[in-house]
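For reference, the structure is listed below as structure tokens.
Numbering (our numbering), first residue to last: 2 to 527.
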């Protein structure tokens, strides 16, 4: 992480910001503290047939302190540290005729009183929007993610804050497209896209991806048989590597024996220079199914023979009144290794969003409902997941995830299990990343979070998580285990406070550490 201390606040500025954040609590009358936090302001207007298209914008500010007995993450000479943090942010959810999607941004300023590793200024962004430029014809997709990621899978892992093994990474994509209907029976889409990803560390590549595609689909409404035709070209440039290009043409035949099931057979060709310096031609064959027996259950699965071997994608999801079960398994080539997986508001947030889809179809009101449930139950928006690491070339990634959320009147449980295996695609090269020392990298991660509502205002929460990274070379591995316990209480109508105790155990040959930390923060939502 590249720090710039001259742009960081002084202790006095931090103290003044903390007082400013606390002021809503100090001046809020007692009667206002009885208002439920789910009563969030928005611009939704009720009309005939239900809520009209809407937008919800919610600024927030969080201030807190973390006290740790090992701020330098050392095994032999741990040093205590006190970290002051001020984090303003804003979240917006849109369901307008011309704009749909979400935007979430926060700016975190961390000030270390003992200066164990320097101060930090962190930008965090998640956004995915679709804009309608011409009525039902021309659209523009915009997405962006700014986050801290591990530079090396085998560098020091630390929960919750930056260290020397993290780097700020940004990935932005813009993709305009044109869609319509030909002769009343064929749907078409023409799309171009540009994606730019960069990282603050000079030891990993920045990536630029340019693509263009054309897609034709026969209208399957009331029909059992249909067809599709897709053509795509993708150019990927790595600042520390070489430029690659891939072209693909793929045709498909669709068979829908009922409105609940569709089967597709695919065949085509592709040409690329990913595996070798010169372009090679490959054939593509595949099968897929899309089965949705009810609005609570869906199974999407596909398998393809590709230039890198067999690729596949499986997604199963089932909802009940109180639970969401989700399983995914993918094996595919990744051109942009700096993309942290797409814009999302969190793993647990996504599960609750799916849980309440049938109950609240409007995305804005559902976002408010999910936010209120997270506050009520004291659950984290994002469970402990695999810390991605940065590489400098295209990779072949196998990723599996099993997630469960159970939401009761007073209790909440989330469980997430992830497994990943990745290796470099293309000729061996000295690019300075982890694949120079390990042919493949295996990652495993799991987490369990439990919450119990003690009173209408206070919730107890506990969690445990573990991540393990392993290389193909003996002794190249590390493991981070984290235990947390804490409580969240509502201090005012739109203000909450959290106290949490955390225990971290990190095991790695030559660089283990142990840490105990306690944190307290206050968050006010305007």
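C-beta: ideal position from N, C-alpha, C; glycine also. Since this is a predicted model, take the numbers as computed values, not measurements.
DSSP bridge partner residues for residue i (one or two, in chain order)
i	result
residue 58	93
residue 68	83, 519
residue 442	423, 472
residue 221	BP columns for residue 221 are empty, so no partner.
residue 133	140
residue 155	According to DSSP, residue 155 bridges with nothing at all.
residue 216	190, 231
residue 226	256
residue 196	174, 210
residue 282	272
residue 88	63
Residue i classed as buried or exposed, judged by whether at least 16 other C-beta atoms fall within 10 angstroms
i	result
residue 364	buried
residue 64	buried
residue 220	exposed
residue 311	exposed
residue 438	exposed
residue 338	buried
residue 235	buried
residue 296	exposed
residue 524	buried
residue 255	buried
residue 360	exposed
residue 425	buried
residue 476	exposed
residue 24	In this prediction, residue 24 scores a pLDDT of 38, lower than 50, which makes its location untrustworthy; no coordinate-derived value is stated.
residue 527	exposed
residue 121	buried
residue 489	buried
residue 402	buried
residue 113	buried
residue 279	exposed
residue 237	buried
residue 27	In this predicted model, residue 27 has a pLDDT of only 31, less than 50, meaning its place in the structure is not dependable; the value taken from the coordinates is given anyway. By the neighbour-count rule (16 or more Cβ atoms within 10 Å), residue 27 is not buried but exposed.
residue 67	buried
residue 397	buried
residue 115	exposed
residue 186	exposed
residue 371	buried
residue 129	buried
residue 286	exposed
Three-state class that DSSP yields for residue i in the structure shown
i	result
residue 492	strand
residue 435	helix
residue 351	helix
residue 374	helix
residue 368	helix
residue 418	strand
residue 458	coil
residue 356	helix
residue 479	strand
residue 177	strand
residue 497	strand
residue 102	strand
residue 509	coil
residue 113	strand
residue 379	coil
residue 452	strand
residue 63	strand
residue 484	strand
residue 463	strand
residue 238	strand
residue 524	strand
residue 164	coil
residue 12	Legend: pLDDT at residue 12 = 39, less than 50; position of this residue unreliable, no value from coordinates given.
residue 74	coil
#### Entry: 3-residue-minimum beta strand (DSSP E) runs that sit fully inside the stretch 240–274, ordered along the chain
244–259, 262–273
### Query
Is the stretch 133–146 in contact with the stretch 161–181, if contact means three or more CB pairs nearer than 8 Å?
yes
### Message
Just to confirm the assignment: which complete beta strand (DSSP E) runs, minimum length 3, are found wholly within the stretch 389–416?
### Response
396–408
### Message
Taking 8 Å as the cut-off, does the stretch 156–170 touch the stretch 178–197 (at least 3 CB pairs, one atom from each stretch)?
### Response
no
### Message
Threshold first: 3 residues or longer. Then list the beta strand (DSSP E) segments lying entirely within the stretch 290–338, N to C.
### Response
The DSSP assignment places complete beta strand (DSSP E) segments of no fewer than 3 residues inside the stretch 290–338 at 298–307, 310–320, 324–335, in order along the chain.
### Touch test, the stretch 303–317 against the stretch 271–287, Cβ-Cβ under 8 Å, three pairs minimum
yes
### Query
Taking three-plus beta-carbon pairs below 8 Å as touching, is the stretch 471–483 in contact with the stretch 438–447?
yes
### Message
Would you call the stretch 194–202 in contact with the stretch 166–176, where contact means no fewer than 3 C-beta pairs closer than 8 Å?
### Response
yes
### Message
Quick check: the stretch 225–234 against the stretch 201–210, are at least 3 beta-carbon pairs closer than 8 Å?
### Response
Taking a cut-off of 8 Å for Cβ pairs, the stretch 201–210 and the stretch 225–234 do not touch, as fewer than three such pairs fall below it.
### Message
Whether or not the stretch 477–484 and the stretch 504–518 are in contact is what I'm after, with contact meaning three or more pairs of Cβ atoms, one per stretch, closer than 8 Å; do they touch?
### Response
yes
### Message
Does the stretch 95–109 come into contact with the stretch 317–324, if we say contact requires no fewer than three beta-carbon pairs (one atom in each stretch) closer than 8 Å?
### Response
With fewer than three CB-CB distances shorter than 8 Å, the stretch 95–109 does not count as touching the stretch 317–324.
### Query
Counting Cβ pairs, one atom from each stretch, are 3 or more of them under 8 Å apart for the stretch 282–297 and the stretch 260–268?
yes
### Task
Indicate whether the contact test is met: 3 or more Cβ pairs, each with one atom in the stretch 449–462 and one in the stretch 366–386, closer than 8 Å.
yes
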